[in-house]
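Engineer:
2 protein chains.
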Amino acid sequence: MAHGQAGTGQSASAQAAPRRGRPGYDLESLLAVAVTVFNERGYDGTSMEDLARRLGISKSSIYYHVESKEELLALALDRALNGLFAVAGEVTASGGPAIQRLERLVRGSVGVLADRLPYVTLLLRARGNTRTERRALARRREFDQIVADLVAEAEQDGEIRPDVDPAVTARLLFGLVNSLVEWYRPGRRAASASELADAVCAVAFDGLRIRRVSRAESPRTGPPATDSARASAF
Amino acid sequence: MAHGQAGTGQSASAQAAPRRGRPGYDLESLLAVAVTVFNERGYDGTSMEDLARRLGISKSSIYYHVESKEELLALALDRALNGLFAVAGEVTASGGPAIQRLERLVRGSVGVLADRLPYVTLLLRARGNTRTERRALARRREFDQIVADLVAEAEQDGEIRPDVDPAVTARLLFGLVNSLVEWYRPGRRAASASELADAVCAVAFDGLRIRRVSRAESPRTGPPATDSARASAF
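First to last, the sequence lines map onto chains A and B. In terms of my numbering, the first sequence opens at residue 0 and continues consecutively. In terms of my numbering, the second sequence opens at residue 0 and continues consecutively.
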C-alpha cells in the first residue's frame with residue numbers, strides 16, 4: 000500500500016507539470032537525465048535507445064516529450080546559454096564602470112555555472128557537429144564578444160593592465176571561469192557558488208586590475224568599490 | 000619520375016626511423032594523425048577503420064606499428080604527460096623559493112601545451128573509460144599534487160594570498176593554463192608560447208602574489224626575481 004501511494008503521489012505531481020506531463024518523468028527531469036548521459040558518453044555517442052534504457056522507459060515515452068534527440072540537446076544548451084545571457088543583460092542594465100560590470104559578469108557566470116553545471120559542461124564540450132551545436136557556438140561567440148568589449152572598455156578606462164592584449168585577457172578570464180566545470184562539484188563540503196566566485200574574482204582581478212598605491216578612489220566610480228575581489232584582495 | 004623520386008625519398012627517411020619503420024608513415028607521423036582523429040571524433044568513437052581511412056593505408060599497415068588502438072592512445076597520452084613531468088623534474092631540481100618554482104612550472108607547462116597541443120588536448124579530455132586513460136588520470140593527479148604542494152609551500156612562505164584555499168588556488172591556476180587548449184592555435188599571427196606564458200603568468204601571479212609596497216626583495220631569494228610575471232607586472 001505504501002508503495003502504491005508513493006507511486007500515485009509521483010504520478011500526480013508529474014501530471015501537474017505545465018503543458019507536457021506524463022507519469023514518471025516530466026520534461027524537466029527527462030532533460031536532466033539526458034544531459035547526464037550526453038556528458039558521460041558524448042552527444043554523438045548517445046542513442047535514443049541509450050536514453051530510454053537509462054530512464055527505464057520506452058523510446059515512445061521520450062517522443063511524448065520531444066521530437067528528437069537533437070531537441071533535447073537544443074533545450075539543454077539553451078538552458079546554459081539563457082542563463083549566461085540573462086546575467087549579461089542584467090550587467091549591461093546595471094551601469095557603472097566597465098571594470099565593475101566585468102566583475103559582475105564573472106560572478107554571475109560562476110553562479111550560472113554552479114547552478115546549471117551539467118548544462119554548461121555540455122555547452123563547453125559542443126564542437127559544432129550538428130546544426131544545434133553550431134547555433135549554440137554562435138551564441139557563445141556572441142557572449143564572448145560581450146566579455147571582450149567589456150575588457151577593452153575597462154582597459155580604455157585605465158582599470159585593466161594594458162600589457163596583455165584585451166582579447167587574450169578576455170579569453171584567459173573566461174578560460175578561468177570555464178575551467179571550473181572540470182573540477183567543481185557542488186555538495187556538502189564544496190565551496191558555495193558565492194565562495195567560488197570570490198576566489199575566481201580574487202585571483203583574476205587582482206591580476207587584471209591596475210593597483211593604485213595610496214590614491215583615492217576614482218571620482219567617476221560613484222559608490223565605493225564593494226565588489227568582493229577588491230574587498231577580499233588581501 | 001619526379002613523383003617516384005619524392006616517394007623514394009620519403010620511404011628512405013621513414014626507413015631511417017628508429018626500430019619501427021615502413022614506407023609512408025613512421026610511428027611519429029602515424030601518431031600525429033591518430034591524435035587528430037581522436038580529438039575530432041573522441042577516442043571511443045574512433046575505430047581502426049576510421050584511422051586507416053584517414054591515413055589512406057590498410058589496417059594491417061597500422062598494426063605494423065602498434066598492437067592496438069589503445070597503444071596509440073597510450074603513446075599519445077605519454078607524450079603529453081612526459082612533457083609535463085620533465086618540466087616538473089627540472090623545476091624541482093632548480094631550487095629557489097616556491098613561488099619562483101611555481102611560476103617556472105606554469106611557464107614550462109604552457110610551453111609543453113603549446114608545443115604538444117593535440118596531445119595535451121587529448122589528455123585533458125580523458126575521462127577514464129579505458130585502463131590506459133585511468134593510468135593517465137592517475138599521473139595527472141600526481142602532477143596536480145606537485146602543483147598543490149608548491150602552492151601550499153609558497154603560501155607558507157607568505158608569498159601567496161592566504162584568503163583562497165591553496166587547493167582551490169592550485170586548481171584555478173592550472174584551470175587557467177589548461178583552458179588554453181580551448182582557443183590557442185599556434186600559427187603565423189598567434190602569440191608565441193613565450194608570449195602566452197607571459198600573459199598567463201602576468202594575469203595569474205599578480206593575483207596570487209602578495210604585493211609588498213616599498214619593501215626590499217626577500218633576502219632568501221638569492222638572485223633578483225627575473226621571471227617575467229614580476230618583470231611585466233605593470
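For glycine and all other residues, C-beta sits at the position ideal for the given N, C-alpha and C.
Counting only beta-carbon separations shorter than 8 Å, does threonine 168 (chain A) have a partner in chain B?
Structural biologist: As a first step, residue 168 (chain A) is located in the first sequence; it is residue number 169 there, counting from the start. Interface residue, yes.
Engineer: So which of B:Ser191, B:Gly82 and B:Ala97 has the shortest CA-CA distance to aspartate 148 (chain B)?
Structural biologist: Taking the first residue of the second sequence as position 1, residue 148 (chain B) is located at position 149. Per the Cα distances, B:Ala97.
Engineer: Would you mind stating whether valine 180 (chain B) and threonine 131 (chain B) have Cβ atoms separated by less than 8 Å?
Structural biologist: The residue you call residue 180 (chain B) lines up with position 181 of the second sequence. The residue you call residue 131 (chain B) lines up with position 132 of the second sequence. Their beta carbons are not under 8 Å apart, which means valine 180 (chain B) does not touch threonine 131 (chain B) by this criterion.
Engineer: Going by the DSSP bridge assignment, what does isoleucine 145 (chain A) pair with across the sheet?
Structural biologist: Translated into positions along the first sequence, residue 145 (chain A) becomes position 146. Paired residues: none, contrary to the question.
Engineer: From histidine 238 (chain A) to valine 32 (chain A), what distance separates their C-alpha atoms?
Structural biologist: Outside the displayed span of chain A (0 to 233) sits residue 238 (chain A), for which this structure offers no information.
Engineer: Please classify isoleucine 61 (chain B): does DSSP put it in a helix, a strand, or coil?
Structural biologist: In the second sequence, the residue the question calls residue 61 (chain B) occupies position 62. Helix, per DSSP.
Engineer: If the cut is a Cβ gap below 8 Å, which residues of chain A does alanine 201 (chain B) touch?
Structural biologist: Stepping through the second sequence from its first residue, residue 201 (chain B) is reached at position 202. Under the 8 Å cutoff, chain A gives Arg160, Asp162, Val163 and Gly206.
Engineer: Check isoleucine 159 (chain A) in the structure and name its three-state DSSP category.
Structural biologist: Here residue 159 (chain A) corresponds to residue number 160 of the first sequence, with the count starting at 1. Reduced to three states, the DSSP call for isoleucine 159 (chain A) is strand.
Engineer: Report buried or exposed for proline 165 (chain B), applying the criterion of at least 16 other Cβ atoms within 10 angstroms of its Cβ.
Structural biologist: Here the question's residue 165 (chain B) lines up with position 166 in the second sequence. Its Cβ being crowded by 16 or more others within 10 Å, proline 165 (chain B) is buried.
Engineer: Against chain A, does alanine 269 (chain B) count as a neighbour if the rule is that its beta carbon must be under 8 Å from one of theirs?
Structural biologist: Not covered by the structure: residue 269 (chain B). The range shown for chain B is 0 to 233.
Engineer: What is the rounded straight-line gap between the Cα of isoleucine 61 (chain B) and the Cα of serine 67 (chain B)?
Structural biologist: Here residue 61 (chain B) is taken as the residue at index 62 of the second sequence, counted from 1. Here residue 67 (chain B) is taken as the residue at index 68 of the second sequence, counted from 1. Isoleucine 61 (chain B) and serine 67 (chain B): Cα-Cα distance of roughly 9 Å.
Engineer: Could you check if glutamine 155 (chain B) is buried or exposed, using at least 16 other CB atoms within 10 Å of its CB as the buried criterion?
Structural biologist: Reading the second sequence from its first residue, position 156 is the one you call residue 155 (chain B). Classification of glutamine 155 (chain B): exposed, given that the 10 Å Cβ count is below 16.
Engineer: Compare the C-beta of glycine 43 (chain A) against all C-beta atoms of chain B and say whether one is closer than 8 Å.
Structural biologist: For this step, residue 43 (chain A) is matched to residue 44 along the first sequence. Checking the displayed sequence, the identity of residue 43 (chain A) turns out to be aspartate instead of glycine. So yes, aspartate 43 (chain A) belongs to the interface.
Engineer: Measuring CB to CB, does glycine 108 (chain B) end up less than 8 Å from leucine 76 (chain B)?
Structural biologist: Against the second sequence, residue 108 (chain B) aligns to sequence position 109. Against the second sequence, residue 76 (chain B) aligns to sequence position 77. Just to set this straight, residue 108 (chain B) is serine in the shown sequence, not glycine. Result no, Cβ atoms of serine 108 (chain B) and leucine 76 (chain B) do not sit closer than 8 Å.
Engineer: Which chain B residues are close to glutamate 181 (chain A), counting only those with a beta carbon under 7 Å from its beta carbon?
Structural biologist: Here residue 181 (chain A) refers to the residue found at position 182 of the first sequence. Within 7 Å Cβ-Cβ: Gly174.
Engineer: Can you tell me whether threonine 168 (chain A) is buried or exposed, with buried defined as 16 or more other CB within 10 angstroms of its CB?
Structural biologist: Against the first sequence, residue 168 (chain A) aligns to sequence position 169. Burial call: buried.
Engineer: Considering only residues of the same chain and omitting the five flanking positions on each side of arginine 78 (chain B), which have a CB-CB separation below 7 Å?
Structural biologist: On the second sequence, position 79 is the one that residue 78 (chain B) refers to. Answer for arginine 78 (chain B): Arg115 and Tyr118, listed in chain order.
Engineer: Identify, in the order they occur along the chain, each residue of the same chain with its Cβ nearer than 8 Å to the Cβ of leucine 123 (chain B), setting aside the five sequence neighbours on each side.
Structural biologist: Reading the second sequence from its first residue, position 124 is the one you call residue 123 (chain B). Closer than 8 Å at Cβ, skipping near neighbours: Asn177 and Val180.
Engineer: DSSP three-state call for aspartate 43 (chain A): helix, strand or coil?
Structural biologist: Start at 1 with the first residue of the first sequence, and residue 43 (chain A) comes out as number 44. If DSSP states are grouped into helix, strand and coil, aspartate 43 (chain A) belongs with coil.
Engineer: Less than 8 Å between the beta carbons of phenylalanine 173 (chain A) and aspartate 197 (chain A), yes or no?
Structural biologist: Here residue 173 (chain A) corresponds to residue number 174 of the first sequence, with the count starting at 1. Here residue 197 (chain A) corresponds to residue number 198 of the first sequence, with the count starting at 1. Their beta carbons are not under 8 Å apart, which means phenylalanine 173 (chain A) does not touch aspartate 197 (chain A) by this criterion.
Engineer: Whole-angstrom Cβ separation of valine 111 (chain A) and alanine 203 (chain A), contact assumed at under 8 Å?
Structural biologist: Counting from one through the first sequence, the residue named residue 111 (chain A) turns up at place 112. Counting from one through the first sequence, the residue named residue 203 (chain A) turns up at place 204. Not a contact, Cβ separation roughly 16 Å.
Engineer: So which residues on chain B does serine 178 (chain A) lean against when the C-beta distance must stay under 7 Å?
Structural biologist: Here residue 178 (chain A) refers to the residue found at position 179 when the first sequence is read from its first residue. Correct list: Gly174, Leu175, Asn177 and Ser178.
Engineer: Please look up how many angstroms separate the CB atoms of alanine 113 (chain B) and leucine 195 (chain B), rounded, as I've assumed it's under 8 Å.
Structural biologist: Here residue 113 (chain B) corresponds to residue number 114 of the second sequence, with the count starting at 1. Here residue 195 (chain B) corresponds to residue number 196 of the second sequence, with the count starting at 1. Correct: roughly 6 Å between the Cβ atoms.
Engineer: DSSP state of threonine 91 (chain B), grouped into three classes?
Structural biologist: Here residue 91 (chain B) is taken as the residue at index 92 of the second sequence, counted from 1. Correct three-state label for threonine 91 (chain B): helix.
Engineer: Just reading off the alpha helix (DSSP H) that arginine 106 (chain A) is part of, what are its end residues?
Structural biologist: Position 107 of the first sequence holds residue 106 (chain A). Here the alpha helix (DSSP H) through arginine 106 (chain A) covers 97-114.
Engineer: To be precise: take each residue of the stretch 117-143 of chain A, compare its Cβ to all Cβ atoms of chain B, and keep it if any distance is under 7 Å. Which residues remain?
Structural biologist: Those residues of the stretch 117-143 of chain A that come within reach of chain B (Cβ to Cβ, closer than 7 Å) do not exist; the list is empty.
Engineer: Is there a Cβ of chain B sitting closer than 8 Å to that of alanine 190 (chain A), yes or no?
Structural biologist: In the first sequence, counting from the first residue as 1, residue 190 (chain A) sits at position 191. True, the Cβ-Cβ gap to chain B drops below 8 Å.
Engineer: For chain B, find out if any of its Cβ atoms is closer than 8 Å to the Cβ of leucine 104 (chain A); answer yes or no.
Structural biologist: Reading the first sequence from its first residue, position 105 is the one you call residue 104 (chain A). It does not: the Cβ of leucine 104 (chain A) has no partner Cβ on chain B nearer than 8 Å.
Engineer: By Cβ distance, which residues of its chain are closer than 8 Å to threonine 129 (chain B), with the 5 residues on each side in sequence left out?
Structural biologist: Locating residue 129 (chain B) in the second sequence gives position 130, counting from the first residue. Excluding positions up to five away in sequence, the list reads Tyr42, Glu69 and Leu72.
Engineer: Can you tell me whether DSSP reads leucine 83 (chain A) as helix, strand or coil?
Structural biologist: Within the first sequence, numbered from 1, the residue matching residue 83 (chain A) stands at position 84. Reduced to three states, the DSSP call for leucine 83 (chain A) is helix.
Engineer: Would a C-beta distance cut-off of 8 Å place aspartate 205 (chain A) and alanine 201 (chain B) closer than the cut-off?
Structural biologist: Here residue 205 (chain A) corresponds to residue number 206 of the first sequence, with the count starting at 1. Here residue 201 (chain B) corresponds to residue number 202 of the second sequence, with the count starting at 1. Against a cut-off of 8 Å, the Cβ pair of alanine 201 (chain B) and aspartate 205 (chain A) comes out as no contact.
Engineer: Tell me the rounded alpha-carbon separation between aspartate 25 (chain B) and leucine 54 (chain B).
Structural biologist: Here residue 25 (chain B) refers to the residue found at position 26 when the second sequence is read from its first residue. Here residue 54 (chain B) refers to the residue found at position 55 when the second sequence is read from its first residue. Their Cα atoms are separated by approximately 12 Å.
Engineer: Nearest to arginine 140 (chain B) by CA position, among B:Leu80, B:Ala92 and B:Glu39, is which residue?
Structural biologist: Along the second sequence, read from residue 1 onward, the residue named residue 140 (chain B) stands at position 141. Ranking the options by Cα distance to arginine 140 (chain B), first place goes to B:Leu80.
Engineer: Would you kindly work out how many angstroms separate the C-alpha atoms of leucine 101 (chain B) and serine 193 (chain B), rounded to a whole number?
Structural biologist: Position 102 of the second sequence, counting from 1, holds the residue named residue 101 (chain B). Position 194 of the second sequence, counting from 1, holds the residue named residue 193 (chain B). Whole-angstrom Cα-Cα distance: 16 Å.
Engineer: To the nearest angstrom, how far is it from the Cα of alanine 189 (chain B) to the Cα of tryptophan 182 (chain B)?
Structural biologist: Stepping through the second sequence from its first residue, residue 189 (chain B) is reached at position 190. Stepping through the second sequence from its first residue, residue 182 (chain B) is reached at position 183. The alpha-carbon atoms of alanine 189 (chain B) and tryptophan 182 (chain B) are separated by roughly 11 Å.
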